[in-house]
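Scroll down for the structure; my scribbles are underneath it.
Chains as they are written, first to last, in our numbering: chain F, 400 to 493; chain S, 400 to 493.
Put into structure tokens, the structure is as follows:
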């Protein structure tokens, strides 16, 4: 096994090869690359006249949109969890 | 006010103009564009020899990486919340 914090993985995204590095597992890095590849193909499929750069920027925009929506939901969940734990604590004190 | 599900916002990402459409608010769309713009500038800054397409694909990869990590944390939070609510329910039954 290589050092975990120095994973270098060769992936193909939209027909171009990239060497990605990261602390994450090879599986995680491959999943991330597949997500970007899928998104680029989806965008190119529904907008056949877009150039390569616009396809990749719009893929980044789409993923960033999902990321920010998920972050909002995540923050709401944190609040719910805190309230739920507060209720638990209250009960223990009774 | 325009129809909410048909927002068209003009944004600039890494010096190129895009017209983004979406159901989200104009503020959300601008934040998403700013996130991609920031990420592209960060990547270009630390890799001065990358071409434009690689910069945007790597921006998409970076954002997808954060998205997938957040999704894992989100799923773990859901489990925690369910367990916490289960405990609450148990207490009410006593």
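Just so you know, even glycine gets a beta-carbon here, dropped at the ideal spot from N, CA and C.
At a C-beta separation below 7 Å, residue 462 of chain S has these neighbours in chain F: 459, 462, 463, 466. For residue 479 of chain F, the residues of chain S that pass the 8 Å Cβ criterion are 480, in the order they occur in the chain.
Assigned with DSSP and collapsed to three states, residue 414 of chain S falls in coil, not helix or strand. Listed along chain F, the residues sitting closer than 9 Å to residue 412 of chain S by beta-carbon distance are 456, 459, 460. For residue 421 of chain S, the nearest CB of chain F lies under 9 Å from its own CB, placing it at the interface with that chain.
Per DSSP, the unbroken alpha helix (DSSP H) holding residue 430 of chain S starts and ends at 425 to 445.
In the structure shown, the three-state DSSP call for residue 470 of chain F is helix. Here DSSP, grouped into helix, strand and coil, assigns residue 476 of chain S to helix. Put simply, the CB of residue 440 of chain S is far from chain F, with every gap to its CB atoms at 9 Å or more.
Shown here for residue 442 of chain S: same chain residues with a beta carbon closer than 8 Å to its own, the five before and five after excluded, namely 449, 454, 457, 458, 461 in chain order. A straight line joining the alpha-carbon of residue 483 of chain S with that of residue 418 of chain F spans about 42 Å. Here residue 478 of chain S is exposed: its Cβ has fewer than 16 other Cβ atoms, across all protein chains shown, within 10 Å. For residue 406 of chain S, the pairing in a beta bridge is given by DSSP as S/421.
Within chain F, 480, 483, 484, 487 have C-beta atoms less than 7 Å from the C-beta of residue 483 of chain S, given in sequence order.
Residue contact with chain S for residue 453 of chain F: present (Cβ-Cβ distance below 9 Å to some residue of chain S).
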